[in-house]
Amino acid sequence: MNTPDAFAAANTPCRNGCAACCIAPSISSPIPGMPHGKPAGIPCVQLDDEWRCRLFGDPARPAVCASLRPTPSMCGASREHALAHLASLEDATRPD
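Numbering-wise, the sequence shown is residues 464 to 559 according to the numbering used here.
Spelled out as structure tokens, the structure:
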């Protein structure tokens with residue numbers, strides 16, 4: 464089980480099957496298959512059936528995606544925590 468402390472200590476790049484960062488936030492950059500970006504709460508079209516990014520390691524992957532790094536506060540101990548935390552950040556930063 465990944466706890467925030469274990470997550471940070473292991474320097475794990477991401478939790479398998481989570482994809483919260485590919486679902487909860489909006490992405491304004493074009494993504495292959497989503498030329499106008501991605502709305503908040505909508506899974507990226509580049510996620511496969513196991514919630515993994517098809518563009519991981521590909522130069523076509525948007526820089527905003529490649530630059531996001533997991534942190535204990537963002538990811539917490541579960542996918543549900545990550546989805547809720549990222550959704551709250553999205554709400555807090557949405558322009559009026």
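No residue lacks a Cβ here, since even glycine has one placed at the ideal position from N, Cα and C.
Take the Cβ of ALA487 as the centre, count every other Cβ of all protein chains shown within 10 Å, and call the residue buried at 16 or more, exposed below. Indexing the sequence shown from 1 puts residue 487 at position 24. With 16 or more other Cβ atoms from the protein chains shown falling within 10 Å of its own Cβ, ALA487 counts as buried.
- Message: Can you tell me which residues form a DSSP beta bridge with CYS516?
- Response: For this step, residue 516 is matched to residue 53 along the sequence shown. As DSSP reads the structure, CYS516 sits in a beta bridge with LEU510.
>> Considering only the alpha carbon of each residue, which of SER491, ARG478, CYS481, ALA482 lies closest to VAL527?
In response: In the sequence shown, residue 527 corresponds to position 64, counting from 1. When only C-alpha atoms are compared, the closest one is SER491.
Here's the rule: buried if 16 or more other CB atoms are within 10 angstroms of the residue's CB, otherwise exposed. What is ILE494? For this step, residue 494 is matched to residue 31 along the sequence shown. With 16 or more Cβ atoms within 10 Å of its Cβ, ILE494 is classed as buried.
**Environment of GLY480 [buried if 16+ CB atoms lie within 10 Å]** = If you number the sequence shown from 1, residue 480 lands on position 17. Result: exposed.
Next on the checklist: With a threshold of 7 Å on Cβ separation, who are the neighbours of GLU513 within its own chain once the five nearest residues in sequence on each side are excluded?
Outcome noted: Position 50 of the sequence shown holds residue 513. Only GLY480 meet the Cβ criterion.
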